[in-house]
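Data first, discussion second: the structure below is written as structure tokens.
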Amino acid sequence: MATLRLLTFLLMGALTVAWPDHGKPAPTPGLSSPQPPAQKMRGLNLVAPPNPFPDNPMPAVQAVGADWVAIIPFAYTRPGDPSVHFGSPWQWWGERPEGAEATVKLAKEHGLQVMLKPQVYVPGSWPGGLDFSADEWKAWETSYEAYLLPLVDMAQKEGVDLICVGTEFKLSSTTRPDFWRQLIRKVRARYDGRLTYAANWDEYRHIEFWNELDFIGVDAYFPLVDSHTPSVPELRKAWKPILQQLSAVQRAVGKPLLFTEYGYLSVDGCASKTWELESRIARLAVNEQAQANALEALLATFWPEANWAGGFLWKWFPNMQGHEGYPGKDYSPQGKIAEGVLKNWYGSRTY
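Residue 305 in our numbering sits at position 177 of the sequence shown, with consecutive numbering throughout.
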């Protein structure tokens, strides 16, 4: 999501989860692609910590069954400023290039696969709202390349498995696709791994450059059900038309579908419009069951789909560092009912 990110930029009774038995459910017809991964990508988006890790966080990642991590070196763009700022000494350690590289090394040492996912924070807005004149766009794009390409070189050197070339640039991706095509070519010229782009849930159908990438990446914050604690069957019913829409794009492009982000706040109504919930999170009641039901419904819906490559849960706090002061309501499942749901699915190696 565009808000509730780990950043220092701001200052400078319902149905209980029905556990799956992992007997392979009948897939929904539709998803088709050349070669999805042999096993699902069981990923976590790691929150970049403010300081070097006091303790090694990777065993806890592996304890929930995850075998991929997304590492996120943040940059930022101020509204109206056509430039990308990155690597500032006042940024948190994990957001800076040196922290990202150290985290990549640690993950690889533990046998984890890595997606490098550079992201741009926009104070008071989100990347999808960036809008500039033609000349300003060119300046911003030059600045974005200066931010991204050194990270690509690091990824090549450290054996990163997947790079996400951008996240939720809804207006840029749909009005300036030629920039993204040439950027993808530049990345491919210096990096041997696979590529994706993280489209917002209402953006992915409008992307023209999916065929240049290896995965159709979606940040899957689809609004589903408004009630405080929707049941798993209610949520699965709400997913059906969305799955059909995703399937149509996936069939047309012929690439596997990947959820570059998915997850839910542990509050009342978490399966509704998440971006609205974030703005009033202090007033919302904690609801771990709602989060667990929503996570169960998503995984039960998509896991059987042969060409759903998997996903990266948003989000996971290494050593519980970097939370914004309300970990009991945040997206992380750590120490909550939803952690059991995640272990149940990620711990299966059947498919």
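A virtual CB, placed ideally from N, CA and C, is assigned to each residue, including glycine.
Residues in the same chain with beta-carbon distance under 8 Å from residue i, minus the five sequence neighbours each way, listed in chain order, please.
| i | result |
| --- | --- |
| Y204 | L135, F137, V212, H213, F214, V248, Y249, V250 and P251 |
| C398 | Y392, L405, N415, A418, Q419 and A422 |
| I465 | V145, E416, Q417, Q419 and A420 |
| R364 | A425, A428 and T429 |
| Y540 | Nothing can be reported for residue 540, as the shown portion of the chain is limited to 129 through 479. |
| I312 | V293, L323, F337, E340 and L341 |
| E467 | V192 and P461 |
| P180 | W221, G227 and A230 |
Using C-beta distances below 6 Å, list every residue in its chain close to residue i, excluding the 5 sequence neighbours before and after it, in chain order.
| i | result |
| --- | --- |
| P210 | F260, E264, A267 and W268 |
| P255 | V248, E296 and F297 |
| K168 | G438 |
| F307 | E269 |
| G456 | V414 |
| S496 | Outside the shown range of the chain (129 to 479) lies residue 496, about which nothing can therefore be said. |
| Q449 | P177 |
Residue i to residue j, Cα distance in whole Å?
| i | j | result |
| --- | --- | --- |
| K314 | D320 | 12 Å |
| H238 | S407 | 37 Å |
| Q372 | T429 | 12 Å |
| R224 | S216 | 7 Å |
| Q190 | T402 | 27 Å |
| L427 | E362 | 14 Å |
| A230 | P178 | 13 Å |
| L279 | V242 | 13 Å |
| W473 | I335 | 30 Å |
| P446 | V175 | 7 Å |
| S253 | W221 | 23 Å |
| Q182 | W444 | In the sequence on display, residue 182 carries Pro and not Gln. Rounded to the nearest angstrom, the two C-alpha atoms are 16 Å apart. |
| Y332 | I200 | 21 Å |
| Y275 | R309 | 17 Å |
| N173 | L258 | 24 Å |
| K245 | E273 | 14 Å |
| S355 | V395 | 11 Å |
| A366 | L352 | 6 Å |
| R304 | G463 | 42 Å |
| S271 | L277 | 10 Å |
| S375 | E433 | 10 Å |
| A283 | R316 | 12 Å |
| S400 | A228 | 32 Å |
| A188 | A326 | 26 Å |
| G171 | R206 | 30 Å |
| T302 | D330 | 12 Å |
Assign residue i to buried or exposed, taking buried as 16 or more other Cβ atoms, counted over all protein chains shown, within 10 Å of its Cβ.
| i | result |
| --- | --- |
| D281 | exposed |
| K285 | exposed |
| E226 | exposed |
| P369 | exposed |
| G208 | exposed |
| N184 | exposed |
| G345 | buried |
| P461 | buried |
| A262 | exposed |
| Y459 | buried |
| D195 | buried |
| G475 | exposed |
| R318 | exposed |
| P358 | buried |
| R411 | exposed |
Sorted by chain position, which residues of the same chain lie with C-beta nearer than 7 Å to residue i's C-beta, five sequence neighbours on each side aside?
| i | result |
| --- | --- |
| M186 | L234, A235, H238 and L240 |
| N339 | V381 |
| K471 | V192 and G193 |
| Y454 | I409 |
| T324 | L290, C292, L341, D342, F343, G345, L386 and T388 |
| V288 | V232, V242, L244 and G321 |
| N328 | G256, E296, K298 and D347 |
| W431 | K168 and W473 |
| V197 | G171, L172, L174, V189, A235, L240 and V242 |
With DSSP as the reference, identify every bridge partner of residue i, one or two as the case may be.
| i | result |
| --- | --- |
| G170 | For the sequence presented, residue 170 should be read as Arg rather than Gly. Partner(s): G439. |
| G345 | A326 and L386 |
| L290 | M243 and R322 |
| I199 | L244 |
| H213 | Y204 |
| V395 | V414 |
- Write down every uninterrupted run of the beta strand (DSSP E) in the region 400-477 whose length is 3 residues or greater and which is fully enclosed by it, in chain order. Listed in chain order, they are 436-444.
- Task: Just list the beta strand (DSSP E) runs in the region 249-305, keeping only unbroken ones of 3 residues or longer that don't cross its boundaries, in chain order.
- Result: 290-295
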